[in-house]
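Asker:
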Amino acid sequence: MIVVLGSANMDVVTEVSRIPRPGETVAGKSMRHYLGGKGANQAVAAARLGASVFFFGKVGRDPFGERLLEGLRADGVDVTAVESMDEEATGTASIWVEESGENAIACVPGANGTVDADYVDRIFHRVAAADVLLLQLEIPLDTVVYLLGRLPRGRPLVILDPSPAQDLSRLPLRRVDVLTPNRTELLALTHMDDMESAAGALLRAGVGSVVCKAGEDGAFWFGETAHHVPALPVAVVDTTAAGDAFNGALACAIMERSMMDAIRWASAAGALATTKAGAQPSLPCRTDVDRLYRGGAVS
Ligand code: RIB
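Its first residue numbered -18, the sequence shown is counted upward by one per residue in my numbering.
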């Protein structure tokens, strides 16, 4: 069983020819709402791949919150312990997506920002019963610090997506089995300018292993030794939630396959997520991931 503690956002996505620079105005082509938030995306990603998934977090008692919960339920995710807040709105993310598929994101946490230690206490027995726990940093860092500090050793296996990147020095990094930054986050976390040194610093700080999601350069796994998984060729439409697809798939695969194979399979899920617009609408099913992983065409 996979547990995700994290954010749920309504994504407000504007398609632009290129992401505006500071002080610049560019014409947008379209504006759409998509279900998103790194936590909810990772929960949906794992559920679409066949896992039994519980999502924990908070939304506002508002139409965005309702739509997010409906979406999670429709994908079979258990949301019975998600709390709907009267005093906070559902989190939102403003996303610009340019023609290359690259994006830039600004989040307003809203209810996600109220996921606190008291909430962790209320759900802790269910988190501790998980096989794999997926975390990201769109809920307060203090909450993640508190939860990791309470977890027993060994189980659940913890996969932490350090996004958005922030100072991790207060985190009990020894309780993180797999850290999954993208390349920008990996360098920002460590203030270093090459991936190998940055990963080395995190490993020395106690992280079990580092899996760096490097987009068109594939993925890099840093553990006792370093390994590279090349990217799978797909036609990129929108990179939003590709990292979430990767993490959801990694959580499923890590229980079933070798680490190297799990990263290859998760890379297929991440690649497929770039071929469709939006966060949750782009998350693939197991048949499609298996097909791309085995070298088949993208449908
Ligand atoms: O990882 C993609 C997600 O980041 C989007 O769905 C958006 O909500 C932001 O949280």
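Where a beta carbon is used, it is the ideal one built from N, C-alpha and C, also for glycine.
Just so you know, these numbers come straight off a predicted model, no measurement behind them.
Take D198 as the anchor and find which of P214, D269 and Y100 has the nearest alpha-carbon.
Answerer: D198 has its Cα closest to that of P214, out of P214, D269 and Y100.
Asker: Residues in the same chain with beta-carbon distance under 8 Å from K257, minus the five sequence neighbours each way, listed in chain order, please.
Answerer: Cβ neighbours of K257 beyond the five flanking positions: V218, D219 and S263.
Asker: From this set, I76, S190 and V191, which residue's C-alpha is nearest P1's C-alpha?
Answerer: Cα-wise, what sits closest to P1 is I76.
Asker: Apart from the five residues on each side of it in sequence, which residues of its chain come closer than 8 Å, Cβ to Cβ, to G82?
Answerer: So the qualifying residues of the chain are V217, V218, D219, T220 and T255.
Asker: Could you pull the start and end residues of the alpha helix (DSSP H) that I76 belongs to?
Answerer: Taken as a continuous stretch (DSSP letters only), I76 belongs to no alpha helix (DSSP H), being part of the beta strand (DSSP E) at G72 to E79.
Asker: List the whole-angstrom C-beta distance separating F35 from D56, where the pair is believed to meet the contact cut-off of C-beta under 8 Å.
Answerer: Contact doesn't hold; Cβ gap of about 12 Å is too wide.
Asker: Is V191 near R151, with beta carbons less than 8 Å apart?
Answerer: No, these two residues do not count as a Cβ contact at 8 Å.
Asker: Return the CA-CA distance between L160 and G(-13), expressed in angstroms with no decimal places.
Answerer: Cα to Cα, the separation comes out at about 15 Å.
Asker: Indicate the three-state DSSP secondary structure (helix, strand or coil) for G251 in the structure shown.
Answerer: Three-state result, G251: helix.
Asker: Applying the 10 Å Cβ sphere with the 16-neighbour rule, what's the burial state of T71?
Answerer: The residue is buried, with at least 16 neighbouring Cβ atoms inside 10 Å.
Asker: Tell me whether T221 sits in a helix, a strand or coil according to DSSP, three-state version.
Answerer: Three-state result, T221: coil.
Asker: In the structure shown, what three-state DSSP assignment does I120 receive?
Answerer: Looking at I120 - three-state DSSP - the assignment turns out to be coil, as it is neither helix nor strand.
Asker: Is there at least one non-hydrogen atom of the ligand RIB closer than 7 Å to the beta-carbon of G94?
Answerer: Not under cutoff, so the answer is no.
Asker: Under a Cβ-count criterion, where at least 16 other Cβ atoms within 10 Å of its own Cβ denotes burial, should R304 be classed as buried or exposed?
Answerer: In this structure the chain extends from -18 to 280, so residue 304 is not present and cannot be described.
Asker: Which class does V34 belong to by DSSP, given the choice of helix, strand or coil?
Answerer: The answer is strand: DSSP assigns V34 an E or B state.
Asker: Is C88 near the ligand RIB, judged by its Cβ being under 7 Å from some heavy atom?
Answerer: Checking every heavy atom of the ligand RIB against the Cβ of C88, one is found closer than 7 Å.
Asker: Less than 8 Å between the C-beta atoms of D(-8) and A74, yes or no?
Answerer: In this structure, A74 lies closer than 8 Å to D(-8) by Cβ.
Asker: Let's test the definition: count the other Cβ atoms within 10 Å of the Cβ of P3 and tell me whether it reaches 16, buried, or not, exposed.
Answerer: Under this definition P3 is an exposed residue.
Asker: Relative to the ligand RIB, is the shortest distance from any of its heavy atoms to the C-beta of A254 smaller than 7 Å?
Answerer: Every heavy atom of the ligand RIB is 7 Å or more from the Cβ of A254, so no.
Asker: Tell me whether G189 counts as near the ligand RIB, meaning its Cβ is closer than 7 Å to at least one heavy atom of that ligand.
Answerer: No - the ligand RIB has no heavy atom lying nearer than 7 Å to the Cβ of G189.
Asker: Name the one or two DSSP bridge partners that T61 has.
Answerer: Bridge partners of T61: none, in fact.
Asker: Name the DSSP bridge partner or partners of S190?
Answerer: S190 pairs with V159.
Asker: DSSP state of S11, grouped into three classes?
Answerer: Looking at S11 - three-state DSSP - the assignment turns out to be strand.
Asker: Between the Cα of V40 and those of E51, E64 and G52, spot the shortest distance and give me the residue it belongs to.
Answerer: The shortest Cα separation from V40 among E51, E64 and G52 belongs to E64.
Asker: Taking 8 Å as the threshold (C-beta atoms), are A230 and A26 in contact?
Answerer: It is a contact, given that the beta carbons lie within the stated cut-off.
Asker: Kindly examine the ligand RIB and report whether one of its heavy atoms sits closer than 7 Å to the Cβ of G221.
Answerer: In the sequence on display, residue 221 carries Thr and not Gly. Yes, the beta carbon of T221 sits closer than 7 Å to at least one heavy atom of the ligand RIB.
Asker: Looking at the ligand RIB, does it come within less than 7 Å of K194, judged from the CB to the closest heavy atom?
Answerer: Flag unset: Cβ of K194 not near the ligand RIB.
Asker: Inspect the CB distances between the segment 9 to 21 and the segment 112 to 128 and report whether three or more fall short of 8 Å.
Answerer: With a cut-off of 8 Å, the segment 112 to 128 and the segment 9 to 21 count as touching, because enough Cβ pairs lie within range.
Asker: Could you give the residue range of the alpha helix (DSSP H) that holds E166?
Answerer: Residues R164 to T171.
Asker: If you follow the alpha helix (DSSP H) that K19 is in, where does it begin and where does it stop?
Answerer: From DSSP, the alpha helix (DSSP H) with K19 extends over K19 to R29.
Asker: From R164 to M66, what distance separates their C-alpha atoms?
Answerer: Going by the C-alpha atoms only, they are around 35 Å apart.
Asker: Just the C-alpha distance for E166 and H106, rounded to the nearest angstrom, thanks.
Answerer: Approximately 31 Å between the Cα atoms of the pair.
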